[in-house]
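Student:
In our numbering, the protein residues as written are 457 to 783.
Take a look at the structure:
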């Protein structure tokens, strides 16, 4: 299934795309017509929490809905984030190339801003900050993101007032479907409900500043609309191989990068196994993959301008499109 959240006539609803995304099945309306319990079809979070029995019912409702009164046109609705307020979001760094590239580009920016760029580069190299962190091979490196900053596909993203170097990050995410604790790697995939595209918007100048404090990205990634998810959640049964997907970023129609989920070193089962050590994980949680190699402007030192339209496409998951507005 390709599940969406949308607003029509002032009401926000759960739907499923059919006919190549041209039509939507209103799942609550379809459930009502079949005299099925409506509660699991009131929202994406409710459906995820309802569990596999209701996921199967949803598939049955979708398969039998074509031509029924439970369908409507996509062009007549406003698309929302598939999970407008996830219970928890963690964003990881799972692509080696991005980490290496971003580190070198960040060093270049710091040197350019220094009174003596060569002296700054020597200082950084002597400090060991330019070296690849060995712990990355052994642990899921992540930060906790703010669920209240999730924005919708298609809306204008307002660059924070303190940012001069606005950037996108091309990621995809796993949505947790089943709770667990201390989950073994070989059982972790069973806890995934589906996948979506994740744009981790970044104020790079602020991020570079605050990360010198050795704690996290801070306001570099924590501002209104700093995460965009969508356009849909593709359930695991509808995606043949999440680790063989072409990932493309375009700005104003120009391709800025192309990568593949096949280069993801820590795959989602690895991340789930590590993150659930002595900790539970719950339905509706979002795990970001981290940025695919070259999947950000930072890596090529190209940053967004006012009115730039960013399109992130992940094979099988769709296209996530937003315009950037500088304040």
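Glycine is no exception: its CB is placed at the ideal position from the N, C-alpha and C atoms.
1. Kindly give me the distance between the Cβ atoms of residue 461 and residue 538, rounded to whole angstroms, as I take these residues to be in contact under 8 Å.
2. Using the rule of at least 16 other Cβ atoms within 10 Å of the residue's Cβ for burial, across every protein chain shown, is residue 509 buried or exposed?
3. Assuming residue 728 and residue 639 form a contact by the criterion Cβ under 8 Å, report the distance between their Cβ atoms to the nearest whole angstrom.
4. Compare the beta carbon distance of residue 685 and residue 772 with 8 Å and say whether it is the shorter of the two.
5. Kindly indicate which residue of 504, 486, 545, 651 has the alpha-carbon position closest to the one of residue 516.
6. In the DSSP assignment, find the alpha helix (DSSP H) that holds residue 728 and state where it starts and stops.
7. Output the distance between the C-alpha atoms of residue 568 and residue 664, rounded to the nearest integer angstrom.
8. Using only alpha-carbon positions, find the residue among 776, 755, 779 that is nearest to residue 553.
9. Would you give the residue range spanned by the alpha helix (DSSP H) that residue 666 belongs to?
10. Closer than 8 Å is the cut-off here; do at least three beta carbon pairs connect the segment 579-596 with the segment 698-705?
11. Alpha carbons only, please: which of 627, 506, 488 is nearest the one belonging to residue 633?
12. Does residue 678 come out as helix, strand or coil in the three-state DSSP assignment?
13. Curious, which full-length beta strand (DSSP E) runs of at least 3 residues does the segment 595-637 contain?
14. Residue range of the alpha helix (DSSP H) that residue 644 falls in?
15. Label residue 573 either buried or exposed according to how many other C-beta atoms from any shown protein chain fall within 10 Å of its C-beta, with 16 as the threshold for buried.
16. Report yes if the CB atom of residue 563 is closer than 8 Å to the CB atom of residue 549, and no otherwise.
17. Identify which residue in 519, 671, 774 has its Cα closest to the Cα of residue 599.
18. Would residue 546 pass as a contact of residue 743 if the rule is Cβ separation under 8 Å?
19. I'd like to know whether the C-beta atoms of residue 661 and residue 619 end up nearer to each other than 8 Å.
20. Using beta-carbon positions only, say whether residue 532 and residue 464 come within less than 8 Å of one another.
21. Considering only the alpha carbon of each residue, which of 616, 751, 521 lies closest to residue 677?
Tutor: This is what the structure holds:
1. 5 Å
2. exposed
3. 6 Å
4. no
5. 486
6. 724-731
7. 13 Å
8. 755
9. 660-666
10. no
11. 506
12. coil
13. 598-601, 612-614, 626-632
14. 641-644
15. exposed
16. no
17. 671
18. yes
19. yes
20. yes
21. 616
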